[in-house]
Structure formats: structure tokens, C-alpha cells
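Trainee:
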Amino acid sequence: MTESVDMLKQDEANRMRALEHGSFIVEAPAGAGKTELLTQRYLKLLATVNEPEEIVAITFTNKAAAEMRSRILDSLQRAANGETPEAAHKKITYGLAQTALLRSAENHWNLLEQPARLRINTIDSLCSYLARQMPLLSRFGGQPGVVEDATAHCQEAARRALVTLEDEAGDGIVTEALRYLDNDTGRLTDLLADMLLKRDQWLADAVHIQSEVATTLQGLIQQDIEHAADVLSPMVQQQLMPLARFAASNLDCSHTIAMLVDWDTAIPAKPEALPLWRSVCELLLTRDGEFRKEKGLNVSYGFPATDAGRDHKKQFADIVATLSSAAPLARIRTLPDPQSAEEQRIVSALAKLLELAAAHLMVVFQEAGEVDFVEVASRALTALEDDDGATDLALKLDYRIQHLLVDEFQDTSPSQVKLLEKLTAGWQPEDGRTLFCVGDPMQSIYRFRKADVGLFLQASEFGVGDLPLTPLQLTRNNRSCPAVVDWVNTAFAQVFPQQDDEARGAIRYRPFAATHSAEGNEGVQVHPLVLSNDSRSGDMSAEEARYLTELIVRERTANPNASIAVLVRARAHLETLVAEIRSHQADLRFQAVEIEQLSGRQTVQDIHALTCALFHRADRVHWLAILRAPWCGLTLADMHALAADDHNSNIWQLMQDEERIAKLSGDGQQRLRHVRDIIAEAYAHQGRQSMRRWVESVWLKLGGAACLWDAGDVRDVQAFLALLENMQSFDATQLQAKMEKLYAAPDVQADGSLQFMTIHKSKGLEFDTVILPGLHRTPKKKDSPLL
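Using the numbering used here, read the sequence shown as starting at 2 and increasing by one per residue.
1) Using the DSSP secondary-structure output, state which residues sit across from Met-758 in a beta bridge.
2) My understanding is that Leu-456 touches Lys-423, with C-beta atoms under 8 Å, so please give their C-beta distance in whole angstroms.
3) Determine the direct distance from the alpha carbon of Leu-127 to that of Arg-621, and round the result to whole angstroms.
4) What's the C-alpha gap between Arg-572 and Asp-732?
5) For Ser-461, count neighbouring C-beta atoms within 10 Å of its own C-beta (all shown protein chains included) and say buried if the count is 16 or more, exposed if not.
6) Just reading off the alpha helix (DSSP H) that Arg-311 is part of, what are its end residues?
7) Would you kindly work out how many angstroms separate the C-alpha atoms of Thr-413 and Asp-185, rounded to a whole number?
8) What residue range does the beta strand (DSSP E) around Arg-120 cover?
9) Cα separation between Ser-255 and Pro-235?
10) According to the neighbour-count rule (16 or more other Cβ atoms, all chains shown, within 10 Å of its Cβ), is Gly-521 buried or exposed?
11) In this structure, how does DSSP classify Met-236 when only helix, strand and coil are distinguished?
12) Ignoring anything shorter than 3 residues, give me the beta strand (DSSP E) runs that lie fully in the region 147–209, in order along the chain.
13) Which of the three DSSP states, helix, strand or coil, is assigned to Glu-68?
14) Could you check the C-alpha separation between His-777 and Gly-466 for me, to the nearest Å?
15) For Cys-633, which residues in the same chain have their Cβ closer than 8 Å to its Cβ, ignoring the five residues on either side in sequence?
16) Cα separation between Thr-40 and Ile-73?
17) From this set, Asp-338, Leu-113, Thr-60, which residue's C-alpha is nearest Leu-221's C-alpha?
18) Looking at Leu-113 and Ala-81, is the spacing between their C-beta atoms short of 8 Å?
19) Considering only the alpha carbon of each residue, which of Ala-685, His-154, Leu-568, Leu-38 lies closest to Leu-615?
20) Going by DSSP, what residue range makes up the beta strand (DSSP E) through Val-407?
21) In terms of alpha-carbon separation, which member of Gly-303, Ala-327, Leu-336, Leu-298 lies closest to Ala-318?
22) If you follow the beta strand (DSSP E) that Thr-558 is in, where does it begin and where does it stop?
23) Where does the unbroken alpha helix (DSSP H) through Ile-608 begin, and where does it stop?
24) Helix, strand or coil, according to DSSP, for Leu-436 in the structure here?
25) Cα separation between Phe-513 and Thr-476?
26) In the DSSP assignment, what are the bridge partners of Leu-473?
27) When DSSP labels each residue in this structure, what does Val-531 get in the three-state scheme?
28) Can you tell me which of Ala-14, Thr-636, Leu-97 puts its alpha carbon nearest to the alpha carbon of Gly-83?
29) What three-state label does DSSP hand Leu-275 in the structure shown?
30) Going by the DSSP bridge assignment, what does Val-771 pair with across the sheet?
31) Check whether the region 306–314 and the region 346–363 touch, using three or more Cβ-Cβ pairs below 8 Å as the test.
32) At the level of alpha carbons, what is the spacing between Met-17 and Glu-52?
33) Among Thr-152, Arg-200, Leu-103, Trp-653, which has the Cα closest to the Cα of Pro-415?
34) Who are the Cβ neighbours of Met-656 in its own chain at under 7 Å, not counting the five residues just before and after it?
35) Can you pull the DSSP bridge partners for Thr-60?
36) Return the chain-ordered list of same chain residues with a C-beta closer than 8 Å to the C-beta of Thr-85, the five sequence neighbours on each side being excluded.
Right, here's the structure in full:
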């Protein structure tokens, strides 16, 4: 209890310090109220600047930017209305908002009437703004469009790079790369495209990539060996040496432990000594990475069932009992060998191939007239600094920007930190300009998006560029009850690393204290399930789904007004649960946030089939699908009569054959002719409308709108049509790929009290009951990046 009180006092002091004039980096754990702190900081700065545009706040998502803008404007409006709040922290915000309004009135800013003067941007929109200011320096010239997902462009660039080199003689770089990937060209193309999507990480250093990879690998191996050496000190090694020599002398020379037959000096903590470290680990550890017990030592490990063998086993067990942890030694087993000549050739080939693919990507971008956000960020950096140093734009911004606020700093990438360095170049600690960064390194969940939590640690220690930052730590949690906070503090202190590691992007756990008072039935409850089959890496089993459904029903019965969230690691893990709940007799309506793929909805499948059939008359499967769809509804017998005996003609041709149509039932003939007449009319007007309007008009005339079940279906169909509207020409493969990334709209009739989502999407949300199923599952392995 005393520790919690001290943490809360320190938290209060740090919050007040964060509002002082200066540059800070603030660690704010989940539920600490960092958005409120950012709002207070922004309002405080408004009272000190000459123009509101001198303050620039940067977030990473449109949602976060909208929330911050809403908080600031709401605070100003409440202050204008004289609505004094009850909560102590809200009173601070209220006072700051009143002062900001006075400043606004003095300078005629009219912030409430002109909210656009509040510069709250996503980092992508800021980069776009910078690139537009200096089109020649940014090398854009005319401004291209910006595409959120550049996967198709990267795939095309990767294919062109491979085609360019397909006629290379001998063992060229493509041959070397394909040898590494089991001659799988498709896999190599995918991996190249994936690397192009994050080229800001490696492109600038591509020339030095081979030496840097080797140096980095050596450094990481060195770190792990040093951790192992902390467990096996020279004194412990001296005690183990005679036992190891005894065991090695009783083993065949091919055995891993046999390398220790002449071990008489402490093994150096160097990568060159990795084989010896592996031999020691083989002697000390079981296959599962645990220390060997005395009974586990037998003749297979050099300890025969003799008096000498039993004596040495006893000594071995006594030494092992003094060792602190097996984990650092177990990690030695997973370390790769320092790079061999073959590996160096592979790295060199991949680096050259990636450079070529990146060059092709620029051509693809030019042809398409659009770029991705990575390219925009790169050109923004170019616009700020050239070979002669800071550009006119940088000098202009240096004059205009007095204060920078950065939210979610733990999710920054190296290129984004470089942007901050250029924006603050020349700033001095006492010149009145400030940088304020807020984030929670324990919540760094965007590693896939190039985020590196090691950058947060570096900024805390060394600042950003030449600008030092004062580190502050918030420790309160305003979201969870004490029992949950205590459980998290205890459990995650064991899961997280014991110390920060910038090189690995590892962060130790920071405990926090709850501000809520204790309630009944609060806490964390584990539900162990014994399943009939192994579902470690598969989807949710039917048994799990039934148990979860019963658990939700019980919770709903006990607390009818409570909000419930079911969080999973992957969307696929919820498919079985969704099916189970929909078949359940209880009235369980739920909202699924980006869970159900749009392509899985029947209404979307029908209009997708119609689109593919209209643009490709030989697409037999989709033509049969539209004849089976509700707007036509041919029976299987009628479809068999129409098309079963002719696989050479397409379905549209068969629909013109009156003799064949006569073989259908009377009802089938009427249905078929109705569809045929509408499609014939559509073909007669093809090309006179946009692709979206053409498909939509055919769908409406067929009666597609009458086949929708609820309001959610309407939104799903509109989302599909929006895809068509954004496509310049029909491409079935591209359309299918885009559909896979869209998700069905939530149930509009659900009240939000029961929600399904991924853990990733739940960040920042709050629920009364949270259910985390499938914690026993291990993530499916994916291809590692090329470099």
C-alpha cells in the first residue's frame, strides 16, 4: 500500500512538471490519462505563443488526431460556457483553457470559430505538407497521389527486378537468392515486395548492408554469450571442468560434449568460442532447456553406471543447484554461427537485388502517378535538408514552429525520428522552443510497421538530435481495478526482460498503481480447458466456442449492464465463436470490429460474382453463381439442363440457345429470360458509365437490393462498390486482394455491450469484462524478412 501511495505522489509531481516550460519525454502507461496530459500541455502552450500555428501536435492515426482535437476544442468550449468540472485533473484543464481563451481574445485568434488553426496532424499528413511546400527539392514536381497500400506496386517492382536478371549468366544474384529460398520464385517475389514496403529501414544503408549485418550479428551473439557467462562464472567453470572432461572421455568423438575433453581454461565470452559454449550447454541442459537432474545423467551423456560415474553425477548435481537461471544458456543453442562465406554471398546478393527492386519501384510509382507514405516521408526529409545543409523550408519552419508535441512516441520508426531531428535542428534547451514526447514503451505494438521501441530508450537517455529531453514517468492507472493492476504487475514483471536493451528493442516492465477503489468480484480469473485435440496453432475448437458462449451468457446474466469484450490475437480465431453464438438460442447480438471479412458475406459474394461475370464472359463459375443467386434462383436441375453437357461454350452463349432453354422448367425459363434481358441491356450500354455505376445499375435491376437482409448488408455492398469506384480498370486478382482487406460492418442492432476484436484493435478501450481466449496458441510461423 505504501509503495502505491509513493507511486501516486511521484505521478502527481511529474504531471505538474510536464506542464512546465521545457522539453520532456514522458512514459505514460495504459490508462494513465496521457491524452488529458497532452491536452493540458497544448492549452498551456497556447497561452505563451504569438500564433496558434506555432504549436504542432503529431499523432500516428487519424483517430488519435481527431480525439486530441476534440479534447482541446471541448475544453475550450466548456471554459467559454463557464462549466466548472468536479474532478481535480479536469479543473486543471479548465483553468488552462480559460487562460488560452484570454490569449485568443487578446490576439483575435477566434479558436472556437476557426478550429483549423490548431495544427494537429498525423505524421503522414505532416510529411505530405512538407513535400508539397518544396516540390522541386522533394523531387516530386507535380504532386502524385498517395496510396495507403502499395503492395501491388511493390509486387510489380519485385517482378520486374527478377525479369531484368533472368538472363544473367552463371551463378548471379537471382540464382543465389533462389538457392536460399528453395528455388521458389513466388516466395522471393513476395519477400522482395515486403522489404520494399519498409525500404526506409534499409535503403539508405544498402551499400553497407553486408558489413553492417555481419557486425550487428556479431554484437548480438556477443551479448547473449556475455549473459551466459554471467551464469557460468570462471569459478563455476573451474568446478565443471573435471566433470566435463570425465563425461567427454566416455563419449564418441562425434558427440557435441566430446569437444570438452581438453577443457582446462575458462571459455572466453566471444563469438569465436560459440562451439565450446554450445558443448557446455548440451552438458548442462535438457532438450526442453532446463538444467539436467542427477537422474537424467546416464551413459549417453558420459556418466556410466560405475562408482566414478555416480560420484561425478553427484558433484554435477551440486554445482547445477547453485546456478541461477537456465534461460541465458538455453538461448546459446538458438544462436546462428558467425557468418560463413556462403552466408556473406547470400546477404550480398539479396542487398543488390533489393537495390534493383527499389529502383524499379520508382518507375512503377511514376507510371501509376502515385506513391506510398514511405516515399512521401523520404521526400519530406529531402525537402528539409540537401547537400548544403538545411533548406529554405527548414529555416522557414524553424522560425514558425516553436513547440512540437508527439503522441505515441514508442511507435516511431527511424525515419520518423530523423524527421523530428531535422525539424528541431539548431534548437537549444534555453531558447524557448520545446519538444514534448509521450508514449508507453510497454505498449509498442507496431514492430511490423517499422516501429522500434529502442528509439524511445535512446531518446530518454540522449534526447532527439542535439536536443536533450528530461525523462518523466507516470505511474497511475485510471482504468483498471486494484486487483487487476496488482495481478498485471506481478505477472508481467516475470514476462518482460529484466533490463532495457536498446539493441534488441527490449523493455523491462514498469509497475503502476490503481486509482480506482476496490470492488466486489474484481480480478483476473484463469479458465483452464482440457481439449480433445491439439489446437495450439489452429483455429478455435468447437469446445472452446461453446465454453466461451456459456461464459458470456453467465456474465450477461450476472451483470446485464456490463460491457464485455472478447479479444483474440488473430481474426481467424473468432470464426468458430461467431458461428456458435449465431446458432445459440440466447439473444446475443454483438459488434465485431474488423473481424468478419467482407468476402465472407453472402450478399457481397453475389455482387462480386456478378461483377466478375459481367467483365469476363468465360468465367463459368461466376456465371453459374449469378444464376444461382437470389435474384435468379435457378434450381440445380435447371442449371444442369442448361450447362451440364456443353463445356466448350460459355454460359452467356448457352443462355441465348432457345432450344436449350426450352429444356428448363417453366419457372426456370422465366427466371433465366429475366436475367438475360437485363444483362443484354447492360452489355448494350457498356462503356457509357463508370465501372461502379454500371455494375450497380445491373445489380439494382436484377433486384439485388431486395435480397439484402438488414442495414449491415447495405453498408457491406456499398463498401464493395466503393472498391470498384477506386479501380481504374477491372482486374479480378486485384479486386479479390482488396476484398480480403475489407471487413463487414458491425451489427447496427447491437448495443455495443458485447464486442469482438483483435487485441491490437482494443488498444485504448475500456470494458467491464475482458475475455482472452486461446492463450495456449502459438502464432503461425511466417517467412522472416530477407534482411
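Every residue, glycine too, gets a C-beta built ideally from N, C-alpha and C. Remember, it's a predicted structure, so these values are computed and weren't measured experimentally.
Mentor: By the coordinates alone:
1) Leu-568
2) Wrong, their Cβ atoms sit about 15 Å apart, outside the cutoff.
3) 48 Å
4) If you take the alpha carbons of Arg-572 and Asp-732, they lie about 27 Å apart.
5) buried
6) That run of the alpha helix (DSSP H) goes 308–321.
7) 34 Å
8) 120–123
9) 26 Å
10) exposed
11) helix
12) Counting only unbroken stretches of 3 or more residues, no beta strand (DSSP E) element lies wholly within the region 147–209.
13) helix
14) Taken atom to atom, the span from the alpha-carbon of His-777 to that of Gly-466 is near 43 Å.
15) Scanning its chain for C-beta atoms nearer than 8 Å, with the 5 sequence neighbours on each side dropped, one finds around Cys-633 the residues Ile-627, Arg-672, Leu-673, His-675, Val-676, Leu-703, in chain order.
16) 6 Å
17) Asp-338
18) yes
19) Comparing Cα positions, the closest option is Ala-685.
20) 404–407
21) Leu-298
22) No beta strand (DSSP E) contains Thr-558, which is instead part of the alpha helix (DSSP H) from 543–559.
23) Annotation for Ile-608: the continuous alpha helix (DSSP H) segment containing it runs 603–616.
24) Look at Leu-436 here: in three-state DSSP terms it is strand.
25) 5 Å
26) Val-27
27) coil
28) Leu-97
29) helix
30) Val-771 is bridged by DSSP to Ala-566.
31) no
32) 24 Å
33) By alpha-carbon distance to Pro-415, the top candidate from Thr-152, Arg-200, Leu-103, Trp-653 is Arg-200.
34) Leu-673, Arg-677
35) As a beta-bridge residue in DSSP terms, Thr-60 pairs with Thr-123.
36) Lys-92, Tyr-95
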